[in-house]
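The numbering of the sequence shown is my numbering, which starts it at 7 and goes up by one.
Down below is the structure, laid out as structure tokens.
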Amino acid sequence: MATLRSGLIMRKALKNTPPSIRIHCIDADVPWIVLGTAELEMEQKPNALTLNQVITSAIQNGIQVIDTASNYYEGQAELVIGKTLADLAKSLHTDNIYVFTKVGQLTNKEMNDNAACGRGIQGEHWCFDADYVEMSIKRSISRLRVSQLDGVYLHNPEDSANSESSMAIIKRLAPLFESLYVKGLIKYWGVASWSGFYRYADDPGSIQLAEIDRFLSSNYKSHHFKLIQSPMGLWNLDTFLTKFQITFDKEITSMTLLESVNTLGMDLFLSSPYYGGHYLAPTKVDSILSPAQNNLLETRSSAPQALRVVGMRSNKSLTEASALFKAQYAK
7 MATLRSGLIM
17 RKALKNTPPS
27 IRIHCIDADV
37 PWIVLGTAEL
47 EMEQKPNALT
57 LNQVITSAIQ
67 NGIQVIDTAS
77 NYYEGQAELV
87 IGKTLADLAK
97 SLHTDNIYVF
107 TKVGQLTNKE
117 MNDNAACGRG
127 IQGEHWCFDA
137 DYVEMSIKRS
147 ISRLRVSQLD
157 GVYLHNPEDS
167 ANSESSMAII
177 KRLAPLFESL
187 YVKGLIKYWG
197 VASWSGFYRY
207 ADDPGSIQLA
217 EIDRFLSSNY
227 KSHHFKLIQS
237 PMGLWNLDTF
247 LTKFQITFDK
257 EITSMTLLES
267 VNTLGMDLFL
277 SSPYYGGHYL
287 APTKVDSILS
297 PAQNNLLETR
307 SSAPQALRVV
317 GMRSNKSLTE
327 ASALFKAQYA
337 K
């Protein structure tokens, strides 16, 4: 009875939002919940078996998109994802499973390896040298056991240790990403940033989408910068709704991140809905739902066309999240 009631509550709360979202860059409709693999790092003793079980359960629950990064789980996340998908392909149809990864943030081992990045990166957490970025993307392809990445993000360029601005880094690396597209190694690229989209244009760490689009459009007949990832939850909702993004429209001088993404025809992935589990306050939705489900429902209405990257620490949290979109598909 409780399960039936919770399903009715979910359907009512989500009645004005779509059960699936089109990722334009890969021309596919997918459930709006994305499996995030970063939060497994927060377990006391994470292991490959745990990650394998969560990924398998995610796919069995209908999730079609996996979010990861080259540094997650000390580089092991990509390896486990690749092996898990290869094993599942023996018994399941996995052609409709999409993996998006990130490049530029280093593992602890790489941080202490002067040879890991062009000029040497001892003690630094990020490396945006073109040679390293290219090597890392090719390594991700190998780890994930694919011939082409569905999408790759530049990972937190605002955190670069040198004086180069976020925009300068993105513009400098654009030729590399576009060349990797031409070579068939990536389908699309973009930026995953913790704070860059939420800074005003005069901040060196600011990432301005309209400026990037104008730069790329002036240098390429068509470009493949289409992926945006940024944190959004009840904990930073006011920030998400602030107009940090510039425009080149004489009538409208600034936009929110969501408005800018929609105007430019990009795909938006919103991460960290619970701020690593630190923000799970109960909300106005019926208490029969979990705090995590309440938070997702509360924020979904603010960006119904965005995918939500939810870190899954266990099958319980995975089941709670996937139950939301399953309820929308139910009659």
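Quick reminder that beta carbons are idealized off the backbone N, C-alpha and C, glycines included.
Residue i versus residue j: straight-line alpha-carbon distance, rounded
i, j, result
"Leu91", "Tyr281", "28 angstroms"
"Lys177", "Leu295", "45 angstroms"
"Ala54", "Ser307", "35 angstroms"
"Tyr104", "Ser260", "33 angstroms"
"Phe221", "Ser199", "19 angstroms"
"Gly157", "Glu257", "33 angstroms"
"His30", "Asp273", "7 angstroms"
"Val267", "Leu186", "23 angstroms"
"Pro163", "Ser146", "19 angstroms"
"Leu182", "Ala333", "42 angstroms"
"Pro297", "Leu303", "10 angstroms"
"Pro143", "Ser277", "It should be noted that the sequence gives Ile, not Pro, for residue 143. Approximately 22 angstroms, taken between the alpha carbons."
"Tyr138", "Thr245", "33 angstroms"
"Gly88", "Thr100", "12 angstroms"
"Asp135", "Met117", "14 angstroms"
"Thr62", "Leu150", "15 angstroms"
"Phe275", "Gly68", "18 angstroms"
"Pro24", "Asn168", "42 angstroms"
"Ile39", "Phe331", "7 angstroms"
"Leu155", "Thr107", "8 angstroms"
"Leu57", "Val86", "7 angstroms"
Of the listed residues the options, nearest to residue i (C-alpha basis)
i, options, result
"Tyr79", "Gln299, Val40, Ile294 and Ala44", "Ala44"
"Ser26", "Asn58, Ala64, Ile61 and Gln70", "Gln70"
"Ala202", "Tyr194, Ala174 and Gly190", "According to the sequence shown, residue 202 is Gly rather than Ala. The option with the nearest alpha carbon to Gly202 is Ala174."
"Cys133", "Glu170, Gln299, Asp93 and Gln311", "Glu170"
"Leu226", "Ala180, Phe250 and Phe246", "In the sequence on display, residue 226 carries Tyr and not Leu. Answer by Cα proximity: Ala180."
"Val109", "Leu85, Ser76, Leu264 and Asn118", "Ser76"
"Met238", "Arg314, Ser63, Ile192 and Arg151", "Arg314"
"Thr113", "Pro24, His131 and Ser236", "His131"
"Asp208", "Asp255, Val86 and Gln251", "Gln251"
"Gly317", "Gly271, Tyr159, Asn58 and Ile72", "Ile72"
"Gln111", "Leu160, Ile218 and Gln82", "Leu160"
"Glu217", "Gly42, Pro24, Phe254 and Leu150", "Phe254"
"Asp93", "Lys193, Ser236, Asn301 and Gln59", "Gln59"
"Asp219", "Thr56, Pro210, Leu233 and Tyr206", "Leu233"
"Ser153", "Gly190, Tyr206, Glu84 and Glu140", "Gly190"
"Ser212", "Asp165, Trp241, Lys193 and Ser224", "Asp165"
Helix, strand or coil at residue i according to DSSP, with G and I counted as helix
i, result
"Trp241", "helix"
"Arg205", "coil"
"Gly317", "strand"
"Leu302", "helix"
"Gln70", "coil"
"Asp165", "helix"
"Pro25", "coil"
"Ala34", "strand"
"Leu160", "strand"
"Ser199", "coil"
"Tyr187", "helix"
"Asp219", "helix"
"Phe231", "strand"
"Ser278", "coil"
"Ser63", "helix"
"Phe106", "strand"
"Met261", "strand"
"Ser172", "helix"
Exposure of residue i, with buried meaning 16 or more beta-carbon neighbours within 10 Å
i, result
"Asp33", "exposed"
"Gln66", "exposed"
"His230", "buried"
"Ser323", "buried"
"Tyr204", "buried"
"Leu98", "exposed"
"Ala327", "buried"
"Lys337", "The predicted position of Lys337 is uncertain, since its pLDDT is 48 and thus under 50; no value can be drawn from it."
"Asn301", "buried"
"Val188", "exposed"
"Tyr206", "exposed"
"Pro37", "buried"
"Gly196", "buried"
"Ala329", "buried"
"Pro210", "exposed"
Proximity test, residue i beta-carbon vs the ligand FAD heavy atom, cut-off 7 angstroms
i, result
"Ser260", "Questions concerning the ligand FAD fall outside what the structure shown contains, since it holds no ligand whatsoever."
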